[in-house]
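A.B. asks: Each residue of the sequence shown is one higher than the last, beginning at 0 in numbering that gives the first Met the number 0.
Think of the CB as a built atom: it goes at the ideal place given N, C-alpha and C, for glycine as much as any other residue.
On a predicted model such as this, the values are computed, not experimentally measured, just so you know.
For reference, the structure I am asking about is given below.
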Amino acid sequence: MQAALVEQLQQRFQAFVGRLSRGPAIAVLCHSDADGIAAGAILTRALRQIDHTVAIEVTRKGEHAWSSSVRERLAQSQPQALIVTDLGSRDQPILENVPTLLLDHHRPEGVPPNAELLTGYGEEPTPTSGLMAFWCAQAITQADDLDWIAAISILSDVGDKAPFALLDEAKQRYKATPLRDATTLLNAPRRSASGDARPALQLLLTCNDPRDIIRGDASEVALLKQAKTEVNRAFAEAKKASPRFSGNVAMIRIHTPCQIHPLTAQIWRTRLPKYIVMGVNTGYLPGYVNFSARSSREINLLDFLRENAPADAGDAYGHGHNQASGGALKYAAWNEFVDRLGFGPDLKVQSEAEEKQR
0 MQAALVEQLQ QRFQAFVGRL SRGPAIAVLC HSDADGIAAG AILTRALRQI DHTVAIEVTR
60 KGEHAWSSSV RERLAQSQPQ ALIVTDLGSR DQPILENVPT LLLDHHRPEG VPPNAELLTG
120 YGEEPTPTSG LMAFWCAQAI TQADDLDWIA AISILSDVGD KAPFALLDEA KQRYKATPLR
180 DATTLLNAPR RSASGDARPA LQLLLTCNDP RDIIRGDASE VALLKQAKTE VNRAFAEAKK
240 ASPRFSGNVA MIRIHTPCQI HPLTAQIWRT RLPKYIVMGV NTGYLPGYVN FSARSSREIN
300 LLDFLRENAP ADAGDAYGHG HNQASGGALK YAAWNEFVDR LGFGPDLKVQ SEAEEKQR
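See below:
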């Protein structure tokens, strides 16, 4: 089954790139986690290797592919085409009248006009965006030396035991510890208070070995290490929070500008395997409650969140994977959401000032 997927991805990616001319820029947009920047870096390096001009952008704190701030940055290069990876798929256009290719592994929610979707969703095992980007890169150039970047994407999204041959081969070639340590560092900037993953992306665009990321002397390496220290401190504090329960839902409430609510949900997910676990962060974005949800394979989170959506859920709610989703809700919508789930007033939010005093 995977061989058929690889062949389809490569044929369609090669056809898309084959229609483009040299000179005018191709815009590449990627998500800020290690899988997203891995995919973005692989695609950019491959396209540049065959003499295309590439303008690459990564989402910043609180952004998604359809954010107006993202559209404005993408439009600056006046691209002839747009490639978007690890950011989902919806039926709204990102850049009007610009041919668009979406490369993704989340559950699709439509395809924009003048766009096509290359997806790994529904495959078992589901490949990461970085792994699919590597397969696509192999269709247009010699990309074998980018295998370590694809391996980092797998470690970030699936973990050390992921059943992909590329990961095992990369561990033998580069050793497991450098790959794991590089993955942790690359994820740190987007989890820090700044949410700025550009230093991590820059390293993946220029380094040729995971050891360059953990032991290199580039200025970006120091920034990643500083971000890791900041995130570790915030996470240590978040671990002190206790869950609150309603039915089969457990919520762990924290308040920090760091994006550690996904980490909080994940650690409690292993302790509470029969529950939908939500890491709830009231300090990540002003005026919003951000949450990450995790569940067992028996519970489809995307369906659960759709069934319990508040009236004003907005466009940053309930996307992603069947067992890993989340969202950002304004205070009134959040309060309606926790009401629907049967939680009491202790999980409601009234104002930013009140949250800072908690």
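According to DSSP, what are the bridge partners of Ala54?
C.D. replies: Under DSSP, Ala54 shares a beta bridge with Ala26.
A.B. asks: Let's test the definition: count the other Cβ atoms within 10 Å of the Cβ of Ala221 and tell me whether it reaches 16, buried, or not, exposed.
C.D. replies: exposed
A.B. asks: Relative to the C-alpha of Glu62, which candidate in Gly87, Arg243, Ala114 has its C-alpha closest?
C.D. replies: Comparing Cα positions, the closest option is Gly87.
A.B. asks: Do His320 and His105 count as a contact pair if the criterion is CB distance below 8 angstroms?
C.D. replies: Yes, these two residues count as a Cβ contact at 8 angstroms.
A.B. asks: Indicate whether the contact test is met: 3 or more Cβ pairs, each with one atom in the region 225–232 and one in the region 66–83, closer than 8 angstroms.
C.D. replies: no
A.B. asks: If you run the structure through DSSP and keep just helix, strand and coil, what is Thr263?
C.D. replies: helix
A.B. asks: Compute the distance between the beta-carbons of Gln91 and Pro78, then report whether it is under 8 angstroms.
C.D. replies: no
A.B. asks: When burial is assigned at 16 or more other CB atoms within 10 Å of the CB, is Glu297 buried or exposed?
C.D. replies: exposed
A.B. asks: What does DSSP give as the partner residue(s) for Met131 in the beta ladder?
C.D. replies: Bridge partners of Met131: none, in fact.
A.B. asks: Per the contact definition of three or more C-beta pairs closer than 8 angstroms, is the region 27–44 in contact with the region 166–178?
C.D. replies: no
A.B. asks: Count the other C-beta atoms from every protein chain shown that fall within 10 angstroms of the C-beta of Gln364, then say buried if there are 16 or more, exposed otherwise.
C.D. replies: Residue 364 lies beyond the stretch modelled for the chain, which goes from 0 to 357, so this question has no answer here.
A.B. asks: Count the other CB atoms within 10 Å of the CB of Asp373; is the residue buried (16 or more) or exposed (fewer)?
C.D. replies: The chain is shown from 0 up to 357; residue 373 falls before or after that span and cannot be answered.
A.B. asks: Count the other CB atoms within 10 Å of the CB of Asn207; is the residue buried (16 or more) or exposed (fewer)?
C.D. replies: exposed
A.B. asks: Just confirm the distance between the C-beta atoms of Asn289 and His260, as a whole number of angstroms; I'd bet it's less than 8 angstroms.
C.D. replies: 6 angstroms
A.B. asks: Buried or exposed: where does Asp144 fall if 16 or more other Cβ atoms within 10 Å of its Cβ makes it buried?
C.D. replies: Exposed, since its Cβ has fewer than 16 Cβ neighbours within 10 Å.
A.B. asks: Which residues in the same chain as Leu200 place their Cβ atom closer than 6 angstroms to its Cβ, once the five residues preceding and following it in sequence are excluded?
C.D. replies: Ile36, Val57.
A.B. asks: Give, in chain order, every unbroken run of the beta strand (DSSP E) that is at least 3 residues long and sits entirely within the region 284–311.
C.D. replies: Fully enclosed beta strand (DSSP E) runs of 3 or longer: 287–293.
A.B. asks: For Leu116, name the three-state secondary structure that DSSP assigns.
C.D. replies: strand
A.B. asks: Below 8 angstroms between beta carbons: does that hold for Ser193 and Ala33?
C.D. replies: no
A.B. asks: Using three-state DSSP, classify Ala142 as helix, strand or coil.
C.D. replies: coil
A.B. asks: Helix, strand or coil for Gly319 per DSSP?
C.D. replies: coil
A.B. asks: Can you tell me where the beta strand (DSSP E) holding Asp103 begins and where it ends?
C.D. replies: First-last of the beta strand (DSSP E) with Asp103: 99–103.
A.B. asks: Roughly how many whole angstroms lie between the Cα atoms of Tyr120 and Ile82?
C.D. replies: 18 angstroms
A.B. asks: So Ile275 and Phe303 are supposed to be a Cβ contact under 8 angstroms. How far apart are they, rounded?
C.D. replies: 7 angstroms
A.B. asks: In chain order, what are the residue ranges of uninterrupted beta strand (DSSP E) at least 3 long that sit wholly in the region 193–256?
C.D. replies: 242–245, 248–253
A.B. asks: Contact check, Ala142 vs Ala150 under 8 angstroms by CB: the rounded distance?
C.D. replies: Rounded, the Cβ-Cβ distance is 13 angstroms, inconsistent with contact.
A.B. asks: So, is Ala235 buried or exposed, given that buried needs 16 or more other C-beta atoms within 10 angstroms?
C.D. replies: exposed
A.B. asks: Arg89 by DSSP, collapsed to three states: which one?
C.D. replies: DSSP places Arg89 in strand when its eight states are reduced to three.
A.B. asks: Let me know the secondary structure DSSP gives Ala161 once reduced to three states.
C.D. replies: Correct three-state label for Ala161: coil.
A.B. asks: Using the rule of at least 16 other Cβ atoms within 10 Å of the residue's Cβ for burial, across every protein chain shown, is Asn368 buried or exposed?
C.D. replies: Residue coverage of the chain in this structure runs from 0 to 357, which leaves residue 368 outside it and unanswerable.
A.B. asks: Measure the C-alpha to C-alpha separation of Ile49 and Ile139 and round it to an integer number of angstroms.
C.D. replies: 8 angstroms
A.B. asks: In chain order, what residues of the same chain have a beta carbon less than 6 angstroms from the beta carbon of Val248, not counting five sequence neighbours either side?
C.D. replies: Excluding sequence neighbours, Val248 sits near Ile275, Leu340.
A.B. asks: Could you check what DSSP says for Glu108 in three-state terms: helix, strand or coil?
C.D. replies: strand
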